[in-house]
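K.L.:
In my numbering, the protein residues as written are 97 to 774.
Here it is, written out as structure tokens:
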């Protein structure tokens, strides 16, 4: 158990862990002169977006072009050709300027020019050339396409660019595609015209949402953390949960849930809160791999926790054309069920191991916490109030940012100096670069989908395959109770879930969501699933990849802090996060859980939520092997099977589940009494 006694890590070691497992933060060092220049550009980027969203009246294409030029130019300056960043393999001084290869500086300049060429043209000229681009248009569009793919490869990794290239190949070689995927094909000129000259490709919804909304919310999160909101969340979590059995693990759940309201990055949340909670969990007796898994699983909840939800909430707003408050309302109870599932397993594990909570002297005093940090909550309260009152997301974010700055200057406990503000503006912009590059590449994929209609084609293939499998299953004796259509929906959900997890293992969650919803939404629409539900289903399974081996990056980052086996930590994290895998099926079969779905009634909502909680709690008992006393193996299997009756929405299945669970509960109560009597 040497790992359990590993020393706590320094801030530098924690930063290195984050860089190792999150390619979006793997920035290369630069020299003093270029470093100051890059910092100034980053601050300018933040100021521009704040002005454009709050006070400016800038054309849509121009705004997206300016955002993309900032992103691509800075990516080539801050991300190397490879992680080790040799200068094209030859580390000679003349290849570099102030630590950056000259060729990367040239690529940065070319990327800015390619991104700004079209937006700077008069709108009437652009309209005339759509469908008939000039040779120079095709050259600049081709350059922007290639530079976007390379910028994404550097900042996010190779998987997303490879997917984009495969889609481009599909568009070009359409006549040679098999079966339902066959189409008329598109010339290179036609591809560039669609991806570059219209708002269906690189300058499409994905980059527009990043420029208009996501940038501001990321900046808000950075500023809110700088003025002490993150520390308030951690201290409040300690006050709420620290004293109870297995306290530090429960602190990890609450602090990660709180942090999720201002941050959508699972790896950043893991490192930020895990630096405190993982060593504390190990000190009270949790195994290292379990401590890391708890933190990783809780931290992935940040991407599904209102009001940030990563970038996905804003993409849903654009796609579904519904208010942000409706998306956030829909996200609330599924997110709470995720944390509830972790809490149950953590509590049962603590009881099974006989763990104590933190001592009173180890806990902060609630009065001191509120006195020191109460001002820090004001910006978040303003942000949430404006969203719930129906204001646009960018309006709410702008005033949230203003509130952060005002509170920072007034708060004596977390005083925001001008240097702090400068660093926060630079840090906020830097945190948007990788996701911005990914959004541009996602635009390429979405552009090919709209150009070729492949989304509906793949959706047809999914439904047809699921129907064939469902037809076979419905003929089996024990499975014939369900119709072919019911089996087709279930099999389609399984196929889409697996696709989301596989794709989410290599690319950011938002990119996974945008790409797969183009296929899943048409497929599920054919099976009578409403759009909001299908969007949330795809989004949840994209997030699940962060704790699903073999590429469970949040779990591996937590393992680095815990000093545990990464794969064991990843497997445990997936088990702890099982609620996140089950809840999407619950709201597909009973959309009332999302509050704003069609056909909502409070009765349906109550039955669905109660059943989901009972099912998740039962699975926690089965996985832990403990309720009031240790369970026999057959009891664990029995409880696991009964849990699916609870999860299946409906009063009848819940009553049957309670009847079948009663003997196990009675046996457990008697076993505990016997143990106490002994």
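The C-beta atom is built at its ideal place from N, Cα and C for all residues, glycine as well.
Quick test of your reading: residue 435 and residue 353, contact by CB under 8 Å. State the CB separation rounded to the nearest angstrom.
P.N.:
Indeed, because the Cβ distance is near 5 Å, the residues count as touching under 8 Å.
K.L.:
With a threshold of 6 Å on Cβ separation, who are the neighbours of residue 184 within its own chain once the five nearest residues in sequence on each side are excluded?
P.N.:
Note that residue 184 has pLDDT 43, beneath the 50 cutoff, so the model's placement of it is unreliable and no number is given.
K.L.:
In terms of DSSP beta bridges, what is residue 193 paired with?
P.N.:
Bridge partners of residue 193: 196.
K.L.:
Can you tell me the Cα-Cα spacing of residue 635 and residue 605, whole angstroms?
P.N.:
Straight-line Cα distance between these residues: approximately 7 Å.
K.L.:
Just to confirm, are residue 159 and residue 307 a CB contact at a threshold of 8 Å?
P.N.:
Yes, the pair counts as a contact, with Cβ atoms nearer than the cut-off.
K.L.:
In chain order, what residues of the same chain lie with their CB nearer than 7 Å to the CB of residue 523, ignoring the 5 residues before and after it?
P.N.:
The answer, listed in chain order, is 318.
K.L.:
Among the residues of its own chain, which have a CB less than 7 Å from the CB of residue 614, if the five just before and after it don't count?
P.N.:
Answer for residue 614: 542, 545 and 551, listed in chain order.
K.L.:
In chain order, which alpha helix (DSSP H) runs of at least 4 residues are fully inside the segment 678-765?
P.N.:
Counting only runs of 4 or more, we get 698-720 and 729-743.
K.L.:
Keeping to the same chain, check which residues put their C-beta closer than 6 Å to that of residue 215; ignore five residues upstream and five downstream.
P.N.:
Here the set comprises 157, 158 and 161.
K.L.:
Since residue 571 and residue 584 should fall inside the 8 Å C-beta cutoff, what is the C-beta to C-beta distance between them, to a whole number of angstroms?
P.N.:
Not a contact, Cβ separation roughly 14 Å.
K.L.:
Give the C-beta separation of residue 175 and residue 123 to the nearest angstrom, bearing in mind that I take them to be a contact with Cβ-Cβ under 8 Å.
P.N.:
Yes, they are in contact, since the Cβ atoms of residue 175 and residue 123 sit about 7 Å apart, within 8 Å.
K.L.:
Excluding the 5 residues flanking residue 620 on each side, which residues of the same chain have their C-beta closer than 6 Å to its C-beta?
P.N.:
The residues are 630.
K.L.:
Measuring straight from C-alpha to C-alpha, what distance separates residue 538 and residue 347?
P.N.:
If you take the alpha carbons of residue 538 and residue 347, they lie about 37 Å apart.
K.L.:
As an exercise, report each continuous alpha helix (DSSP H) stretch of at least 4 residues that is fully enclosed by the segment 306-368, in chain order.
P.N.:
Whole alpha helix (DSSP H) segments, 4+ residues: 311-322, 325-337 and 343-355.
K.L.:
Please return the same chain residues whose Cβ sits closer than 7 Å to the Cβ of residue 461, not counting the five positions on each side in sequence.
P.N.:
Taken in chain order, the list of residues that qualify is empty.
K.L.:
Counting only the same chain and skipping the five closest in sequence on each side, list residues whose C-beta sits under 7 Å from that of residue 668.
P.N.:
Cβ neighbours of residue 668 beyond the five flanking positions: 385, 386 and 389.
K.L.:
Give the straight-line distance between the Cα atoms of residue 186 and residue 323, rounded to the nearest whole angstrom.
P.N.:
With a pLDDT of 44 at residue 186, under the threshold of 50, the modelled position of that residue is not reliable, and the figure given next carries that caveat. When rounded, the distance between both Cα atoms is 44 Å.
K.L.:
Grab the span of the alpha helix (DSSP H) containing residue 494 for me, first residue to last.
P.N.:
489-506 is the span of the alpha helix (DSSP H), which, as asked, contains residue 494.
K.L.:
Can you give me the Cβ contacts of residue 182 inside the same chain, cut-off strictly under 6 Å, excluding the 5 residues immediately before and after it?
P.N.:
Because residue 182 carries a pLDDT of 45, less than 50, the predicted location of this residue cannot be relied on, and the following value inherits that uncertainty. Counting only Cβ-Cβ distances below 6 Å, and skipping sequence neighbours, we find nothing.
K.L.:
Residue 226 and residue 288: beta carbons closer than 8 Å?
P.N.:
The answer is no: Cβ separation not under 8 Å.
K.L.:
Is residue 523 helix, strand or coil when you go by DSSP?
P.N.:
Here residue 523 sits in helix by DSSP.
K.L.:
Taking 6 Å as the limit between beta carbons, can you name the residues of its chain near residue 189, skipping five residues before and five after?
P.N.:
Only weak support is given to the placement of residue 189: the predicted model assigns it a pLDDT of 47, under 50, and the question is left unresolved by the model.
K.L.:
Keeping to the same chain, check which residues put their C-beta closer than 7 Å to that of residue 313; ignore five residues upstream and five downstream.
P.N.:
Contacts found: 404 and 493.
K.L.:
With a 10 Å radius around its C-beta and 16 neighbouring C-beta atoms as the bar for buried, classify residue 521 as buried or exposed.
P.N.:
When all chains shown are included, residue 521 counts as buried.
K.L.:
Among 603, 567 and 368, which has the Cα closest to the Cα of residue 587?
P.N.:
Ranking 603, 567 and 368 by Cα distance to residue 587 puts 567 first.
K.L.:
Secondary structure at residue 667, three-state DSSP: helix, strand or coil?
P.N.:
Looking at residue 667 - three-state DSSP - the assignment turns out to be helix.
K.L.:
CA-CA distance, residue 101 and residue 372?
P.N.:
The predicted position of residue 101 is uncertain, since its pLDDT is 49 and thus under 50; no value can be drawn from it.
K.L.:
If contact is defined by three or more beta carbon pairs under 8 Å, each pair taking one atom from either stretch, is the segment 709-717 in contact with the segment 730-749?
P.N.:
Yes, since at least three Cβ pairs between the segment 730-749 and the segment 709-717 fall closer than 8 Å, the two stretches touch.
K.L.:
So, helix, strand or coil for residue 441, using DSSP?
P.N.:
Helix at residue 441.
K.L.:
Helix, strand or coil for residue 150, going by three-state DSSP, please let me know.
P.N.:
Residue state, collapsed to three classes: helix.
K.L.:
Can you give me the C-alpha to C-alpha distance between residue 163 and residue 607, rounded to a whole angstrom?
P.N.:
About 18 Å.
K.L.:
Smallest Cα separation from residue 753: which of 575, 727, 707 and 766?
P.N.:
It is 707 whose Cα lies nearest to the Cα of residue 753.
K.L.:
Excluding the five sequence neighbours on either side, which residues of its own chain have a C-beta within less than 8 Å of the C-beta of residue 259, listed in chain order?
P.N.:
For residue 259, where only same-chain residues beyond five positions count, the Cβ hits under 8 Å are 541, 599, 603 and 611.
K.L.:
In its own chain, which residues sit with a C-beta less than 7 Å from the C-beta of residue 416, not counting the 5 before and 5 after it?
P.N.:
Excluding residues within five positions, the ones whose Cβ falls inside 7 Å are 627, 628 and 631.
K.L.:
From what residue to what residue does the alpha helix (DSSP H) around residue 418 run?
P.N.:
Careful: residue 418 lies outside any alpha helix (DSSP H) and carries neither H nor E.
K.L.:
Pull up the CB-CB distance for residue 204 and residue 239, whole angstroms please, since I reckon it's below 8 Å.
P.N.:
So it is not a contact: roughly 13 Å between Cβ atoms.
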